[in-house]
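Scroll down for the structure; my scribbles are underneath it.
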Amino acid sequence: MKLTIVGASGTFPGPRSGCSSYLLEQDGFRLLLDVGNGSTGALQEACGLLGPDAVIVSHLHGDHYLDLITYTYARRYHPEGQAAMLPVYGPSNIREQIVGAFGRNVDDLLAETYEFHPIDRDQKVAVGPFEVDLRRVNHPVETYGMRVSAGGRILAYSADSGECSTLIDLAKDVDVFLCEASYLDGDDNPPDVHLTGKQAARFAASADARRLMLTHLVPWGDETRTLAEANGGYEGEIVVARPLDMHDV
Ligand SMILES: [Zn+2]
Ligand SMILES: [Zn+2]
Numbered sequence: 002m003k004l005t006i007v008g009a010s011g012t013f014p015g016p017r018s019g020c021s022s023y024l025l026e027q028d029g030f031r032l033l034l035d036v037g038n039g040s041t042g043a044l045q046e047a048c049g050l051l052g053p054d055a056v057i058v059s060h061l062h063g064d065h066y067l068d069l070i071t072y073t074y075a076r077r078y079h080p081e082g083q084a085a086m087l088p089v090y091g092p093s094n095i096r097e098q099i100v101g102a103f104g105r106n107v108d109d110l111l112a113e114t115y116e117f118h119p120i121d122r123d124q125k126v127a128v129g130p131f132e133v134d135l136r137r138v139n140h141p142v143e144t145y146g147m148r149v150s151a152g153g154r155i156l157a158y159s160a161d162s163g164e165c166s167t168l169i170d171l172a173k174d175v176d177v178f179l180c181e182a183s184y185l186d187g188d189d190n191p192p193d194v195h196l197t198g199k200q201a202a203r204f205a206a207s208a209d210a211r212r213l214m215l216t217h218l219v220p221w222g223d224e225t226r227t228l229a230e231a232n233g234g235y236e237g238e239i240v241v242a243r244p245l246d247m248h249d250v
């Protein structure tokens, strides 16, 4: 399983990164996890504009799905012809949220671009060669963390989450734990929204994850501090997700 970071910035785009978007590839099938705002620029470098074969959206905060709005134009009006329908898995109201973001009737456009698969509870879905276990995590809106298996490898993605034991279930013995680390330890962080690097490391250690990849760092944060906090609590390899970096899971 190959992972390409498409966008890794938390909450809003940074000067050199769009928001959350991660491309997984197995047997020639490309699965995109999240399509945050600003991510479809780098997507064109990662796999080509029409590269993804399916999308899973973790939750409907703008930094995880908003580029799906303008991406409809890319797929519907591409000069080489209309792209294949794109399966889009996401929270129960994903279609309504996208219609709302357009602010007008877009039934025809959506019917020609996206095939929606709403998720409304913890469930497992098969998407191409990927088995995806979706579980609700601890965030103010309906949010699904994921455990993605293919070709004998496993990647877990925290999505956005505050502390919760589900993260340990998702990341148990995985090859890569892609975990958010939005906050800095010691700040006045609200509970049940995001994690610090220190908390991400603690969950990775509890889950015996083989590698920890920190993501969703916010542009006004401090990457050096986040890494230092994480290094104190986890003995495995820790990397920070950077746009267009490729990793073998
Ligand atoms: Zn986010
Ligand atoms: Zn969020």
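For reference, each letter of the sequence shown is one residue, going 2 to 250 in the working numbering.
Glycine included, each C-beta is placed from N, C-alpha and C at the ideal position.
Treat the numbers as computed from the prediction; the structure is a model and nothing was measured.
The stretch 201 to 210 and the stretch 28 to 39 do not touch, with fewer than three beta-carbon pairs separated by less than 8 Å. G15 and E181 have their alpha carbons spaced roughly 15 Å apart. By the Cβ test, the stretch 96 to 110 is not in contact with the stretch 31 to 48, since fewer than three Cβ pairs between them sit closer than 8 Å. Beta bridge pairing from DSSP links K3 with E26, D249. Counted as a single uninterrupted DSSP element, the stretch harbouring F103 is not any beta strand (DSSP E) but the alpha helix (DSSP H) occupying residues 95 to 103. Apart from the 5 residues on each side of it in sequence, D134 sits with its Cβ closer than 6 Å to the Cβ of K125, R148 in its chain, given in chain order. Between ligand 2 and the CB of D161, the shortest heavy atom gap is smaller than 7 Å. When secondary structure is reduced to three states using DSSP, Y78 falls in the coil class, being assigned neither helix nor strand. Below 8 Å, too few C-beta pairs join the stretch 6 to 24 and the stretch 86 to 104 to call them touching: fewer than three. In the three-state reduction of the DSSP assignment, H118 falls in the strand class.
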